[in-house]
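Student:
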Amino acid sequence: FVTDRLWGKDTITQHVNNLIKDPNLFTSFDLSKGVIGANGYVFLGNDYADVIDRHFRVFSFKKYSDYAETLFEKITTLSKLSHEFKSQFIVLVAPDKHTVYEEFFPSWVKQKPSELTLTQLGISDLKKNGIPVLFPSNDLISQTETEQVYFKTDTHWNIKGAEVAFRSILKALKLEEPKNTFLIVPDGVSKNIGDLGPIVGIPSNFSFEDKSYRFNFGEDQVVTWVEPMQEQKEIMIKDALARGYQKTFSA
28 FVTDRLWGKD TITQHVNNLI KDPNLFTSFD LSKGVIGANG YVFLGNDYAD
78 VIDRHFRVFS FKKYSDYAET LFEKITTLSK LSHEFKSQFI VLVAPDKHTV
128 YEEFFPSWVK QKPSELTLTQ LGISDLKKNG IPVLFPSNDL ISQTETEQVY
178 FKTDTHWNIK GAEVAFRSIL KALKLEEPKN TFLIVPDGVS KNIGDLGPIV
228 GIPSNFSFED KSYRFNFGED QVVTWVEPMQ EQKEIMIKDA LARGYQKTFS
278 A
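Have a look at this one:
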């Protein structure tokens, strides 16, 4: 609001409006739906499992305790079943974009968080109950300086992010990588708006570029395992986040 009596108000209003329209200086937001951060990264909002509050604000852990007992009971049952088949069991907690690209999240949304985030608390409780947990956040974050591991306008990781998680799983399970390993290589850029487009209301002219990647399988390239896996079986209990694994695990 600029008072009518302010000297030079017309000039001031014009410059302020130009600044607000500059996406590099100001961000758009509706915390219930999502937040547009720096470098074209868009983040899911609080309508979806209070995701912003769980990361960056004081969060009521009563909600956590209400369902944690049932969740742990199911995981423990799966762990016991796995051991009956003499199989390795590990819980993969897939980091979300809020964790991996926190540096691009608007600072004005952040408040002092609790000592433990909901994810950290859950991982801690699982480990206390003897359940091995893999949370490859550091592996993904370490790639962000040179690679892009999540789509900017989508909630999911891309195939590069899935590759990083895949290698983290192999390491956690102490499995050898394929002898002739697959390659995921850069494949230009993409400007396709992802699932956050209709959720957040991203305009069609929103300025951003995603790094694109593709599998680099040659016609004569055969992927083999160092040790035969005929007696090993794999059961993946997954949601949409794991779709990025599919080609990687099927290789």
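Using this note's numbering, you'd call the opening residue of the sequence shown number 28 and step up by one each time.
All C-beta atoms in this analysis are idealised placements derived from N, C-alpha and C, irrespective of residue type, glycine included.
Decide if the stretch 185 to 194 is in contact with the stretch 235 to 242; the criterion is three or more beta carbon pairs, one per stretch, under 8 Å apart.
Tutor: yes
Student: Taking the alpha-carbon positions, what's the V176 to H125 distance?
Tutor: As a first step, residue 176 must be located in the sequence shown, where it is residue number 149. As a first step, residue 125 must be located in the sequence shown, where it is residue number 98. The alpha-carbon separation between V176 and H125 amounts to approximately 12 Å.
Student: The beta strand (DSSP E) spanning G215 covers which residue range?
Tutor: The residue labelled residue 215 in the question sits at position 188 within the sequence shown. Segment 211 to 217, the beta strand (DSSP E) holding G215.
Student: Would you tell me roughly how many angstroms separate the C-alpha atoms of W135 and I63, rounded to the nearest one?
Tutor: Within the sequence shown, the letter at position 108 stands for residue 135. Within the sequence shown, the letter at position 36 stands for residue 63. The alpha-carbon separation between W135 and I63 amounts to approximately 12 Å.
Student: Quick check: the Cα distance between A95 and G149, rounded to an integer number of angstroms?
Tutor: In the sequence shown, residue 95 corresponds to position 68, counting from 1. In the sequence shown, residue 149 corresponds to position 122, counting from 1. Roughly 8 Å between the two C-alpha positions.
Student: Can the beta-carbon of N156 be found closer than 8 Å to that of T97?
Tutor: Counting from one through the sequence shown, the residue named residue 156 turns up at place 129. Counting from one through the sequence shown, the residue named residue 97 turns up at place 70. Their beta carbons are not under 8 Å apart, which means N156 does not touch T97 by this criterion.
Student: Given a cut-off of 8 Å on the beta-carbon distance, is the pair F235 and G67 in contact?
Tutor: As a position in the sequence shown, residue 235 is number 208, starting the count at 1. As a position in the sequence shown, residue 67 is number 40, starting the count at 1. In this structure, G67 lies closer than 8 Å to F235 by Cβ.
Student: Relative to the C-alpha of R84, which candidate in T171, S109, V227, Q138 has its C-alpha closest?
Tutor: Taking the sequence shown and counting its residues from 1, one reaches residue 84 at position 57. Of all alpha-carbon atoms in T171, S109, V227, Q138, the one lying nearest the alpha-carbon of R84 is that of Q138.
Student: By the three-class DSSP mapping on this structure, what secondary structure does I63 have?
Tutor: Your numbering for residue 63 matches position 36 in the sequence shown. Three-state result, I63: strand.
Student: Would DSSP call S239 helix, strand or coil?
Tutor: For the purposes of this step, residue 239 is identified with residue 212 of the sequence shown, where counting begins at 1. Of the three classes helix, strand and coil, the one that applies to S239 here is strand, per DSSP.
Student: Between which two residues does the alpha helix (DSSP H) containing L153 stretch?
Tutor: Along the sequence shown, read from residue 1 onward, the residue named residue 153 stands at position 126. From DSSP, the alpha helix (DSSP H) with L153 extends over 145 to 155.
Student: Hey, how far is the Cα of K231 from the Cα of K218?
Tutor: In the sequence shown, the residue the question calls residue 231 occupies position 204. In the sequence shown, the residue the question calls residue 218 occupies position 191. Checking the sequence shown, residue 231 turns out to be Ser, not Lys. The straight-line gap from Cα to Cα measures roughly 10 Å.
Student: Quick one: what's got a C-beta closer than 8 Å to F131's C-beta in the same chain, skipping five residues either side?
Tutor: What you label residue 131 is simply residue 104 of the sequence shown in a count that begins at 1. Scanning its chain for C-beta atoms nearer than 8 Å, with the 5 sequence neighbours on each side dropped, one finds around F131 the residues G64, A65, N66, Y68, in chain order.
Student: Contact defined as beta carbons within less than 8 Å: I believe D237 pairs with K179. What is the distance between those atoms, to the nearest angstrom?
Tutor: Residue 237 sits at position 210 when you count from the first residue of the sequence shown. Residue 179 sits at position 152 when you count from the first residue of the sequence shown. 5 Å between Cβ atoms; contact.
Student: Since S59 contacts N73 with CB under 8 Å, what's their CB separation in whole angstroms?
Tutor: For the purposes of this step, residue 59 is identified with residue 32 of the sequence shown, where counting begins at 1. For the purposes of this step, residue 73 is identified with residue 46 of the sequence shown, where counting begins at 1. Their Cβ separation, rounded to whole angstroms, is 5 Å, which keeps S59 and N73 in contact under 8 Å.
Student: Go through its chain and collect everything with a Cβ distance to P122's Cβ below 7 Å, but skip five positions before and after it.
Tutor: To locate residue 122, count along the sequence shown from 1; it is residue 95. F162, P163, S164, L167, listed in sequence order.
Student: Taking G61 and I220 to be in contact with their CB atoms under 8 Å, please state how far apart those CB atoms are, rounded to whole angstroms.
Tutor: Numbered from its first residue, the sequence shown carries residue 61 at position 34. Numbered from its first residue, the sequence shown carries residue 220 at position 193. No, G61 and I220 are not in contact; Cβ-Cβ is about 12 Å, not under 8 Å.
Student: D181 to F70, Cα distance in whole Å?
Tutor: Position 154 of the sequence shown, counted from the start, is the residue given in the question as residue 181. Position 43 of the sequence shown, counted from the start, is the residue given in the question as residue 70. Between D181 and F70, the alpha-carbon positions lie close to 8 Å from each other.
Student: With a CB to CB cut of under 7 Å and the five nearest residues on each side skipped, what residues in its chain are close to R81?
Tutor: Working through the sequence shown from its first residue, we reach residue 81 at position 54. These residues qualify, in order along the chain: T144, L145.
Student: Does Y26 pass the burial test, meaning 16 or more other C-beta atoms within 10 Å, or should it be called exposed?
Tutor: Nothing in the structure corresponds to residue 26, since the chain is present only between 28 and 278.
Student: Just grab the DSSP bridge partners of V160 for me.
Tutor: Here residue 160 refers to the residue found at position 133 of the sequence shown. V160 is bridged to V118.
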